[in-house]
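To start, the structure under review is shown below, and the notes come after it.
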Amino acid sequence: MFSKVFYFIVFVLTLVLEVRTQAGGMGGMIIDYAEAFDQELYESVIDEEKCDEQLEFLSNNSDVSMLFQDATGKIPTGFLSGNLADLGDYHQCLGIRHVDRDMEIDGKYCMMQYPLKQMQENATDAPDDTTIPPNIEFPNISDIFPPLSNRTLEDIKQYRMVQRYAQGISGAGGPFVSRVIPVNFASAMKMTIGTCVPKVCRAKQVVKYFQQKYLGNTDWRDNNVTVEEFFCRLPNDRPFSIADYLAIGIFSLIGAITVLSTSYDLFQKFALKKKSSEVSTLYRSFSVYTNTRRFLTFSQPAGSLECVDGIRAVSMLWVIFGHTYCLTMLTFVQNVQAVKQWLTSFTSVWVNSAPITVDTFFLLSGVLCVYTVVGKITRWRFITSLHMFYLYRILRILPLLAAVILLQASLFHRMSDGPMWLNMGHMVLMCRRRWWSALLHVQNYVKPMGICLYQTWYLSVDLQLYLFSPAVLVWLFGSQAVAWCALGTIIMVSLVLSTTFSFLYNYSAALANPGRVDQFGDYFTDYYINTLTRAPPFFVGMMYGYLLLRCKGRKIRINKILVWVIWVMAFLLMAFCIFTTYPVMQEDFHLQALDNFLNSYMRAIWALAVGWLIFACVHGYGGPINWFLSLQMWKLPARLSYAMYLTHYPIMMVSNGSMVGTHFFTDGNTIYRAMGDLAFATIAAFVLSITIDAPCSTLQKLLLGGAGKKKPEEKVKVESQNNEEEKEPEEKMQDEKTNL
Numbered sequence: 001m002f003s004k005v006f007y008f009i010v011f012v013l014t015l016v017l018e019v020r021t022q023a024g025g026m027g028g029m030i031i032d033y034a035e036a037f038d039q040e041l042y043e044s045v046i047d048e049e050k051c052d053e054q055l056e057f058l059s060n061n062s063d064v065s066m067l068f069q070d071a072t073g074k075i076p077t078g079f080l081s082g083n084l085a086d087l088g089d090y091h092q093c094l095g096i097r098h099v100d101r102d103m104e105i106d107g108k109y110c111m112m113q114y115p116l117k118q119m120q121e122n123a124t125d126a127p128d129d130t131t132i133p134p135n136i137e138f139p140n141i142s143d144i145f146p147p148l149s150n151r152t153l154e155d156i157k158q159y160r161m162v163q164r165y166a167q168g169i170s171g172a173g174g175p176f177v178s179r180v181i182p183v184n185f186a187s188a189m190k191m192t193i194g195t196c197v198p199k200v201c202r203a204k205q206v207v208k209y210f211q212q213k214y215l216g217n218t219d220w221r222d223n224n225v226t227v228e229e230f231f232c233r234l235p236n237d238r239p240f241s242i243a244d245y246l247a248i249g250i251f252s253l254i255g256a257i258t259v260l261s262t263s264y265d266l267f268q269k270f271a272l273k274k275k276s277s278e279v280s281t282l283y284r285s286f287s288v289y290t291n292t293r294r295f296l297t298f299s300q301p302a303g304s305l306e307c308v309d310g311i312r313a314v315s316m317l318w319v320i321f322g323h324t325y326c327l328t329m330l331t332f333v334q335n336v337q338a339v340k341q342w343l344t345s346f347t348s349v350w351v352n353s354a355p356i357t358v359d360t361f362f363l364l365s366g367v368l369c370v371y372t373v374v375g376k377i378t379r380w381r382f383i384t385s386l387h388m389f390y391l392y393r394i395l396r397i398l399p400l401l402a403a404v405i406l407l408q409a410s411l412f413h414r415m416s417d418g419p420m421w422l423n424m425g426h427m428v429l430m431c432r433r434r435w436w437s438a439l440l441h442v443q444n445y446v447k448p449m450g451i452c453l454y455q456t457w458y459l460s461v462d463l464q465l466y467l468f469s470p471a472v473l474v475w476l477f478g479s480q481a482v483a484w485c486a487l488g489t490i491i492m493v494s495l496v497l498s499t500t501f502s503f504l505y506n507y508s509a510a511l512a513n514p515g516r517v518d519q520f521g522d523y524f525t526d527y528y529i530n531t532l533t534r535a536p537p538f539f540v541g542m543m544y545g546y547l548l549l550r551c552k553g554r555k556i557r558i559n560k561i562l563v564w565v566i567w568v569m570a571f572l573l574m575a576f577c578i579f580t581t582y583p584v585m586q587e588d589f590h591l592q593a594l595d596n597f598l599n600s601y602m603r604a605i606w607a608l609a610v611g612w613l614i615f616a617c618v619h620g621y622g623g624p625i626n627w628f629l630s631l632q633m634w635k636l637p638a639r640l641s642y643a644m645y646l647t648h649y650p651i652m653m654v655s656n657g658s659m660v661g662t663h664f665f666t667d668g669n670t671i672y673r674a675m676g677d678l679a680f681a682t683i684a685a686f687v688l689s690i691t692i693d694a695p696c697s698t699l700q701k702l703l704l705g706g707a708g709k710k711k712p713e714e715k716v717k718v719e720s721q722n723n724e725e726e727k728e729p730e731e732k733m734q735d736e737k738t739n740l
């Protein structure tokens with residue numbers, strides 16, 4: 001029997017890997033970021049003859065040439081500490097415009113890369129016959145770029161690898177990764193300088209002109225200094241696409257409907273003094289007034305899991321702070337050595353262990369999947385209405401997801417600009433090309449390294465687990481013995497699958513391990529976003545959901561000593577899951593067995609501990625923890641969590657792309673930045689929830705027969721200063737709780 005099970009598991013794993021390979025695998029990340037910008041514009045302005053004329057003019061006009069020199073980057077500050085970038089002044093460069101007779105000189109920003117290896121190994125003095133203008137002393141290149149210490153080189157190498165990890169999870173992969181952060185470390189040793197040149201010139205033509213003019217036509221130039229043009233930018237180089245026109249049309253229509261609906265609602269309520277029940281639900285479905293009142297009104301009906309709001313909100317905060325730290329690596333960091341030291345320090349544990357919060361959401365999804373279904377209807381009715389079970393879920397997720405995808409593919413591309421906006425350009429292309437895989441929730445298997453909105457891999461996995469859940473739910477309506485057997489079986493099967501994957505591939509247990517980031521692509525696709533390996537917390541959640549359902553309305557008595565013992569064990573298990581990332585992140589860690597154990601069972605262990613926390617809080621054994629998690633201050637962020645999850649990542653990418661210089665990394669700076677990301681994500685989430693999510697939820701209930709059909713006893717009265725309005729119970733927001 002065991003052999004048959006084993007062969008079945010191997011067959012499933014082989015099938016999954018084959019599907020992943022056929023779908024594109026790592027090749028799915030190859031999309032050229034340049035397509036997000038107007039390449040025809042770049043080529044149309046190039047004119048070599050005009051370039052020579054303008055360069056000759058600049059070489060004889062110090063006032064105008066000074067503008068270009070001032071906007072061009074210099075030797076990076078902190079070069080000996082690993083800083084290899086000076087971005088110059090992007091906006092000043094693009095703002096240069098000088099007209100002299102019939103000559104119009106405009107600035108163009110180009111990112112140039114200077115390989116350091118050939119500079120330091122082959123540096124020499126200029127030839128004796130080199131012609132250099134008076135009062136100009138050309139220093140030895142080895143004096144400008146002194147050799148870096150071996151320790152600094154190693155720190156740069158590991159930091160570059162961590163940047164590749166940040167590029168991977170942000171979706172900014174493909175050629176951009178290979179150019180900025182090459183796999184070959186020798187080629188990665190390039191100094192990146194933001195250079196301002198005339199619009200009609202190619203950057204290489206400018207370099208060639210001044211080398212020939214000041215250094216002579218010699219082999220010294222070619223043998224010692226090689227300059228690579230990475231990319232160039234011009235004003236207005238982001239052309240309008242179909243996605244832009246579509247976004248403008250759709251959001252303008254939504255805005256107009258919102259204005260009309262709000263006006264209708266206010267007129268009916270304040271001018272005609274009508275009661276809420278007398279106003280058309282359809283016509284006021286887009287009303288900002290009504291939707292905001294409902295959104296900010298919180299009630300707790302009997303049997304609600306109050307602590308879940310606190311858990312969801314705290315977990316969402318942890319996700320946002322973790323992503324802020326991660327995406328900081330996408331920028332040009334000035335103190336590279338400090339970043340490397342921080343990554344392996346004890347103070348970084350709370351960030352390195354942040355991915356475990358995703359398993360909290362899987363747990364909550366499993367809990368609510370059972371708690372909101374089983375016991376409400378019969379098994380037969382559940383089976384016959386399975387299509388509605390799926391439809392409600394898909395429609396509940398769809399509006400906000402589609403809106404953010406459309407924004408990412410269009411308007412987010414125009415929110416700001418900067419020398420590193422190419423990351424955003426790549427993400428824009430991802431959503432223009434692969435929006436369909438996000439909406440169909442198959443992106444964790446179809447070209448998994450080319451995800452539109454990186455963070456939405458979670459939604460794909462969660463929906464896939466939700467689609468599978470009826471295979472377990474159907475056994476929970478009858479005998480408790482059968483129910484527990486079904487839950488135990490599915491948990492064991494999921495653990496076996498997770499264990500098999502872990503011991504087959506031998507990946508690191510830390511997502512951003514600087515010593516093994518070269519494995520990140522495979523780890524991400526084969527394990528991290530694989531539904532089979534992420535399933536255990538969801539099924540553990542289903543187990544707790546069933547336990548909470550069985551104990552609902554009952555007074556559960558547990559010995560105080562036993563309660564203390566379980567609490568201590570729960571805290572120890574959570575601490576184990578968090579703090580084991582510290583040894584795993586160390587350079588001298590080589591215990592693969594521990595990595596495999598953590599990848600196999602850590603997520604289920606975390607879910608088991610958090611599940612006890614929920615159970616204890618619901619049944620009066622939570623003490624101050626229940627008080628804290630049930631505070632009113634968590635209600636709004638918990639209700640916004642799904643929208644915040646969708647919006648926070650694009651906001652961070654906009655912030656990254658807007659940076660005009662190198663970033664000095666400290667915990668204080670990053671936390672300060674995370675607070676800003678959190679504030680903007682909260683505002684964006686609130687606006688989208690009021691204008692898109694809430695109206696679509698109302699329309700969904702009208703179309704599917706869920707609105708206006710509640711029994712009188714199922715409604716509660718909500719008091720306000722102006723009137724008394726009938727409102728559905730907390731069940732109204734329950735669909736949202738099945739997400740994030």
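For what it's worth, my numbering labels the leading residue of the sequence shown as 1, then goes sequentially.
Glycine residues also receive a C-beta, built at the ideal position from the N, C-alpha and C atoms.
Report the three-state DSSP secondary structure of residue i (helix, strand or coil).
{"i": "residue 637", "result": "helix"}
{"i": "residue 54", "result": "helix"}
{"i": "residue 510", "result": "coil"}
{"i": "residue 115", "result": "strand"}
{"i": "residue 243", "result": "helix"}
{"i": "residue 86", "result": "strand"}
{"i": "residue 692", "result": "helix"}
{"i": "residue 49", "result": "helix"}
{"i": "residue 585", "result": "coil"}
{"i": "residue 659", "result": "coil"}
{"i": "residue 474", "result": "coil"}
Assuming residue i and residue j make a contact with CB atoms under 8 Å, what is their CB distance in whole Å?
{"i": "residue 674", "j": "residue 321", "result": "5 Å"}
{"i": "residue 400", "j": "residue 692", "result": "6 Å"}
{"i": "residue 639", "j": "residue 295", "result": "7 Å"}
{"i": "residue 107", "j": "residue 87", "result": "Rounded, the Cβ-Cβ distance is 14 Å, inconsistent with contact."}
{"i": "residue 490", "j": "residue 539", "result": "5 Å"}
{"i": "residue 408", "j": "residue 427", "result": "6 Å"}
Excluding the five sequence neighbours on either side, which residues of its own chain have a C-beta within less than 7 Å of the C-beta of residue i, listed in chain order?
{"i": "residue 556", "result": "619"}
{"i": "residue 661", "result": "87"}
{"i": "residue 235", "result": "94"}
{"i": "residue 549", "result": "370, 371, 374 and 375"}
{"i": "residue 313", "result": "634, 637, 638 and 641"}
Under DSSP, the alpha helix (DSSP H) around residue i begins and ends at which residues?
{"i": "residue 399", "result": "386-409"}
{"i": "residue 426", "result": "422-439"}
{"i": "residue 340", "result": "336-343"}
{"i": "residue 91", "result": "90-94"}
{"i": "residue 676", "result": "667-688"}
{"i": "residue 367", "result": "357-371"}
{"i": "residue 307", "result": "306-328"}
{"i": "residue 349", "result": "349-352"}
Apart from the five residues on each side of it in sequence, which residues of its chain come closer than 6 Å, Cβ to Cβ, to residue i?
{"i": "residue 573", "result": "605 and 609"}
{"i": "residue 38", "result": "237 and 239"}
{"i": "residue 291", "result": "690 and 694"}
{"i": "residue 351", "result": "322 and 325"}
{"i": "residue 696", "result": "399"}
Should residue i go down as buried or exposed, given a rule of 16 or more other Cβ atoms within 10 Å for buried?
{"i": "residue 36", "result": "buried"}
{"i": "residue 109", "result": "buried"}
{"i": "residue 771", "result": "As displayed, the chain neither begins before 1 nor continues past 740, which places residue 771 out of reach and without an answer."}
{"i": "residue 558", "result": "exposed"}
{"i": "residue 105", "result": "buried"}
{"i": "residue 546", "result": "buried"}
{"i": "residue 441", "result": "buried"}
{"i": "residue 347", "result": "exposed"}
What first and last residue would you give for the beta strand (DSSP E) that runs through residue i?
{"i": "residue 561", "result": "Not the beta strand (DSSP E): residue 561 falls in the alpha helix (DSSP H), residues 560-579."}
{"i": "residue 230", "result": "228-233"}
{"i": "residue 198", "result": "190-198"}
{"i": "residue 99", "result": "97-100"}
Between which residues of its own chain and residue i is the CB-CB distance below 8 Å, once the five residues before and five after are set aside?
{"i": "residue 707", "result": "Residue placement at residue 707 is poorly supported in this model, since its pLDDT is 46, which falls under 50; the coordinates are not used for a value here."}
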